[in-house]
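Letter 245 of the sequence shown, counting from 1, is numbered 244 in numbering that gives the first Met the number 0, and no numbers are missing.
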Amino acid sequence: MPPTLTLPPWKKKISEWLQEDYYFLPEKVKKKYLTTGVGHAGGCMFPHANEEQLTAICRFFLWAFTIDDSFEFSTVAELQTIRKKAFTHLRGVVPGPVDPLYKHLPVLREELLRLSSLEWLNRFNASLDIYFDGIQQELPFRKNLVFPTWNQFLDIREKAVNVYPLVNFAELITGIVLPDEVVLHPALQEIGKLTCRILSWSNDYFSAHMEKGNDVLNLVLMIEHSEMCSFEEAYKRAVDFHNRDLARYCFLLETLPDFGRYSLAVRAYTENLSLMIHGYLNWTLTLTKRYKVDTAGHPSSELKNGQLSSNV
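Written as structure tokens, this is what we have:
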């Protein structure tokens, strides 16, 4: 008899979620989500997270991947339905049985409240709401393959990359919920914004080869189109674009204001943001098959041709 393969604990947990709770996904998609390395993504991006924190982070990652991959070509009405249902569960108001697509959200809410506070959860929900704004604004450009203006692109990409909730997680794992007057300081707001942009440009760099001809909301493709340069030259200019944002990010970290008794917590928070950026690169380059065309690790082809219903 062949030997029985033993999955690592994180992969076993995610495999159980996929088989038991995400049963409505096609089998091929579930296998691809295993090769995505959701646990690796969480561990690489949040190396200081404990097991309970990492479980909540990975629970959110898997749900967010499913939403993003399944509904990127949906209608505005369908996205509004998903948005409404998601926040009904995340705010603890569930009028009846939970649809399978949202089954993990009430659990996630309880996990996050144990780890933080209602104040923090409200900020997390506001960040997720920004994401829904972004993907709704993407629709007409993506469906019609029409390039936006640069101002439109920068605004939409910052929102639709769905990094603002991860910025919240970087605060969560410090174990200290920062007050609004600290989190809303202009320096920290700009650092959060730049974190979203830096991860957007990294994602666009690694996925442009898959999206060319199928999408327009990608930095490399925007540069190629607007500057009328070659695809290879657009890649080089995208790196310069990324590096300018990174330089500003580093400057802000080096010149943080004094936050008094919260200064140490703010330093831990911003250190987690930097680790998140480094961790994303490590995960993308070495631990996931999501962006590798030769292994067909991205589930978009299966989901694009048969979008899940928002009423799953």
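Cβ atoms here follow ideal geometry from the backbone N, Cα and C, with glycine treated the same way. As the structure is a computational prediction, the values presented were derived from the model and not from experiment.
Cβ neighbours of Arg196 within its own chain (closer than 7 Å, five residues either side excluded): Glu157, Asp244.
Counting of Cβ neighbours within 10 angstroms places Lys31 among the buried residues, the total reaching 16 or more. Scanning the segment 88 to 146 for uninterrupted alpha helix (DSSP H) segments of 4 residues or longer gives 103 to 114, 117 to 143, listed from N- to C-terminal end. In the structure shown, Asp257 falls within a coil segment according to DSSP collapsed to helix, strand and coil. Within its own chain, the residues whose Cβ lies closer than 6 Å to the Cβ of Asn124, once the five positions on either side in sequence are excluded, are Leu89, listed in chain order. For Ser14, the enclosing alpha helix (DSSP H) covers residues 8 to 19. One Cα belongs to Phe60, the other to Ala40, and the distance between them is close to 8 Å. At a cut-off of 3 residues, not a single continuous stretch assigned as beta strand (DSSP E) sits fully inside the segment 225 to 277. In summary, Trp16 is buried, with 16 or more beta-carbon neighbours lying within 10 Å of its beta-carbon over all protein chains present. Gly95 counts as exposed, since fewer than 16 other beta carbons sit within 10 angstroms of its beta carbon. With fewer than 16 other Cβ atoms inside 10 Å of its own Cβ, Gln188 counts as exposed. For the 7 Å CB-CB criterion, Trp119 and Val182 do not form a contact. Out of Ile81, Leu263, Met209, Asp203, the CA that lies nearest to the CA of Tyr130 is found in Ile81.
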